[in-house]
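Below is one structure; the comments refer to it alone.
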Amino acid sequence: MDNFQMKKGEKLIFAWGDVFGGGAQALIGVIYLVFLTQVIRINPAIATTIILISKVWDAVTDPLMGIISDNTRTKMGRRRPYILAGGFLVIIAFLLLWLPIGGWSSPVLKVAYLITTYVFYSTISTIIAVPYSSLSAEITTNVKERNTVNIFRLVVSTIATAVCTLVPTLVLESFVDGLISIEVFYAIVAVGFGLFFALPLILIGLYTKERVVLPTEKSKFHAKTFVKPLQVKAFRGLIYMYLCQSISMDILSAGIIYYAMFVVQGSATIFLGIFIGVQLLMFPIINQVISKVDKRKVYYFGLPLALVAFLGVGLYPSSWPVEGAYAFTALTAIGFAGAQLMSWIIFPDAVDAGELKLGERATGSFSGIMTFIRKTSSAIAIQFFGIMLYLSGFVLPTDAVQRPPQPDSALLGIRLAMSLGFVLLMTVGYFAARKFVLTNERSLLVRKFLKAREDGVLDTNAPEYIELTQVLF
24 MDNFQMKKGE KLIFAWGDVF GGGAQALIGV IYLVFLTQVI RINPAIATTI ILISKVWDAV
84 TDPLMGIISD NTRTKMGRRR PYILAGGFLV IIAFLLLWLP IGGWSSPVLK VAYLITTYVF
144 YSTISTIIAV PYSSLSAEIT TNVKERNTVN IFRLVVSTIA TAVCTLVPTL VLESFVDGLI
204 SIEVFYAIVA VGFGLFFALP LILIGLYTKE RVVLPTEKSK FHAKTFVKPL QVKAFRGLIY
264 MYLCQSISMD ILSAGIIYYA MFVVQGSATI FLGIFIGVQL LMFPIINQVI SKVDKRKVYY
324 FGLPLALVAF LGVGLYPSSW PVEGAYAFTA LTAIGFAGAQ LMSWIIFPDA VDAGELKLGE
384 RATGSFSGIM TFIRKTSSAI AIQFFGIMLY LSGFVLPTDA VQRPPQPDSA LLGIRLAMSL
444 GFVLLMTVGY FAARKFVLTN ERSLLVRKFL KAREDGVLDT NAPEYIELTQ VLF
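Below, the structure is given as structure tokens:
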């Protein structure tokens with residue numbers, strides 16, 4: 024009989040919390056660069072450098088937050104206090120981040136403000152994201168329940184991604200077209216979405232539980248602790264897959280608005296709506312096969328279709344009906360859905376493998392590295408795209424013209440940055456997934472040996488154990 028531990032309400036609250044993980048990242052990835060170039064009117068190369076600076080800060084704070092939360096001991100647990108505090112702080116961060124300072128006369132003051140507010144937001148994001156992703160492996164000790172809850176939260180995350188991609192894109196397009204004022208833009212994006220992200224995080228802090236046995240010995244604060252999870256070969260393989268998938272998604276998200284506005288004269292809202300909607304339709308299918316098909320195969324099986332289809336988007340002639348580009352986008356989403364879902368489904372398995380090797384369940388350290396990679400991937404994608412815009416001669420808007428005509432070189436730069444970046448990265452992801460060592464069968468063996476260690480009967484000289492550790496570690 025399955026020993027389920029979570030009540031339905033707790034599952035709903037925990038899954039709802041990933042509206043921040045999926046939604047805030049999507050919102051930032053899709054419209055923040057456009058906000059800087061079209062609303063604040065910052066040179067795209069400078070704008071992307073602002074974003075990159077915050078990721079240098081993340082290089083310290085993400086792993087550090089993992090260690091801090093691993094070492095925290097409170098009546099609320101070691102993850103929930105940070106999620107609760109982050110829920111209140113994210114409101115302040117959003118109010119500052121989206122302040123429309125385009126009218127400021129000093130470019131230096133503009134850049135200084137943007138760097139400060141983005142670094143502040145990134146810090147709050149770290150305080151939330153690292154403990155939350157750690158909690159995904161600790162919310163229950165029942166493996167079947169854990170898989171179900173994590174699939175559910177990723178579905179919620181994808182829905183949040185849809186909402187936080189489509190609505191802000193529509194709002195931004197409305198502002199660029201002169202249909203709404205900057206005050207309305209700020210009220211929706213800063214105030215509305217700040218509250219939207221805050222509420223579930225506060226509820227998680229108040230009403231969920233942590234259900235793992237805490238180690239008696241705390242981790243020490245030094246560089247080796249930060250990178251300890253990288254000793255696990257299986258986790259390194261997951262990182263390669265996650266990095267390729269996340270950068271590809273961010274390149275697509277950042278590029279599709281410029282592509283729609285300037286290359287094919289379509290609607291970015293429709294492009295993104297098709298992509299996310301098709302993925303949502305694919306997730307129930309993936310959920311049905313995930314227990315029958317190896318997870319790594321689910322990741323890479325559809326990628327050849329995604330690669331060919333998105334190359335079609337990038338090469339699509341601007342004189343042809345835009346509906347053809349929409350169709351290529353739908354095919355891309357079909358092929359990409361497995362890769363989009365699998366990384367965080369595999370994550371708890373990688374943590375199990377790490378526990379078997381390291382002798383401790385340092386979920387926060389694993390989560391810190393994953394969260395850092397996610398944020399860094401976004402910065403790399405946006406930096407790459409912004410530099411391509413700058414080098415290709417992209418024309419910034421003026422107060423009177425929000426969609427200035429672009430030279431052919433800028434249109435080509437948008438096509439190349441978006442489609443070739445996606446195709447090259449996911450090609451690497453395809454081969455990384457095929458070589459990934461943590462199969463479903465090996466994950467079952469890892470949990471078997473962890474149980475034997477807990478019961479004090481683990482035989483580290485057994486051929487089966489030696490063979491497994493040689494492959495995974």
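Numbering (this note's numbering), first residue to last: 24 to 496. Glycine residues also receive a C-beta, built at the ideal position from the N, C-alpha and C atoms. Since the structure is predicted, the reported quantities are computational estimates derived from the model, not experimental observations.
Segment contact flag, the stretch 104–124 with the stretch 213–225, C-beta cutoff 8 Å, min 3 pairs: yes
Through-space distance from Trp121 to Ile115, alpha-carbon basis: 11 Å
Distance between Leu275 and Ser148 (C-alpha atoms, nearest Å): 22 Å
Beta-carbon proximity of Arg85 to Gly361, cut-off 9 Å: Rather than Arg, the amino acid found at residue 85 in this sequence is Asp. Taking 9 Å as the Cβ cut-off, Asp85 and Gly361 do not qualify as a contacting pair.
Simplified DSSP state of Glu464, which is helix, strand or coil: helix
Rounded C-alpha distance that separates Tyr413 from Tyr209: 27 Å
At least 3 beta-carbon pairs within less than 8 Å: the stretch 421–440 vs the stretch 316–334: no
Ranges of the beta strand (DSSP E) found wholly within the stretch 377–437, counting only runs of at least 3: none
Sequence-distant residues of its chain with Cβ nearer than 8 Å to Ile36 (five each side left out): Pro223, Leu226, Ile227, Tyr230, Thr231
Residue burial classification, Leu295 (beta-carbon count within 10 angstroms, cutoff 16): buried
Of the listed residues Asp273, Ile54, Val134, nearest to Val194 (C-alpha basis): Ile54
For Gly300, the first and last residue of its enclosing alpha helix (DSSP H): 291–312
Cβ-Cβ distance between Lys34 and Phe220 below 9 Å: no
The alpha helix (DSSP H) enclosing Met29, as first and last residue numbers: Here Met29 belongs to no alpha helix (DSSP H), and DSSP marks it neither H nor E.
Same chain only: Cβ atoms within 8 Å of Met24, ignoring 5 sequence neighbours per side: Note on Met24: pLDDT 42, under 50, position unreliable in the model; the coordinate value appears next. Answer for Met24: no residue qualifies.
Run of the alpha helix (DSSP H) containing Pro130, from where it starts to where it stops: 130–158
Delimiting residues of the alpha helix (DSSP H) encompassing Ala185: 166–199
At least three beta-carbon pairs within less than 8 Å, the stretch 83–102 to the stretch 428–437: no
Whole-number beta carbon distance between Ala373 and Phe258, since they are thought to touch under 8 Å: 5 Å
Three-pair Cβ contact test at 8 Å for the stretch 136–144 versus the stretch 57–74: yes
Coil, strand or helix - Ala481 by DSSP: For the record, residue 481 in the displayed sequence is Leu; it is not Ala. Reduced to three states, the DSSP call for Leu481 is coil.
Cβ contact check for the stretch 264–284 and the stretch 393–404: 3 or more pairs under 8 Å: yes
Beta-carbon proximity of Ala329 to Met449, cut-off 9 Å: yes
Residues near Phe154 in its chain [Cβ-Cβ closer than 6 Å; skip 5 each side]: Reading the sequence as shown, one finds Pro at residue 154 and not Phe. Here the set comprises Ser92, Arg102, Tyr105, Ile106.
Inter-residue CB distance, Ala376 and Val469 (contact presumed, cutoff 8 Å): 5 Å
Alpha helix (DSSP H) segment containing Pro486, residue limits: 486–495
Buried or exposed (CB count within 10 angstroms, at least 16 for buried), Ser145: buried
Inter-residue Cα distance where the pair is Val234 and Gly409: Here the sequence assigns Arg to residue 234, which means Val is not the residue at that position. Going by the C-alpha atoms only, they are around 44 Å apart.
Residue of Ile182, Ile403, Gly382 minimising C-alpha distance to Leu481: Gly382
For Phe333 and Phe445, believed in contact at Cβ under 8 Å, the rounded distance: 5 Å
Distance CB(Val291)-CB(Thr163) smaller than 9 Å: According to the sequence displayed, residue 291 carries Ala and not Val. Cβ atoms of Ala291 and Thr163: not closer than 9 Å.
Beta-carbon proximity of Phe370 to Ser156, cut-off 9 Å: yes
Proximity to Thr184 [Cα-Cα], best of Asn94, Asp273, Ala213, Ala135: Asp273
Sequence-distant residues of the same chain with beta carbon closer than 8 Å to Val255, five excluded per side: Ala373, Ala376, Gly377, Lys380, Leu381, Leu495, Phe496
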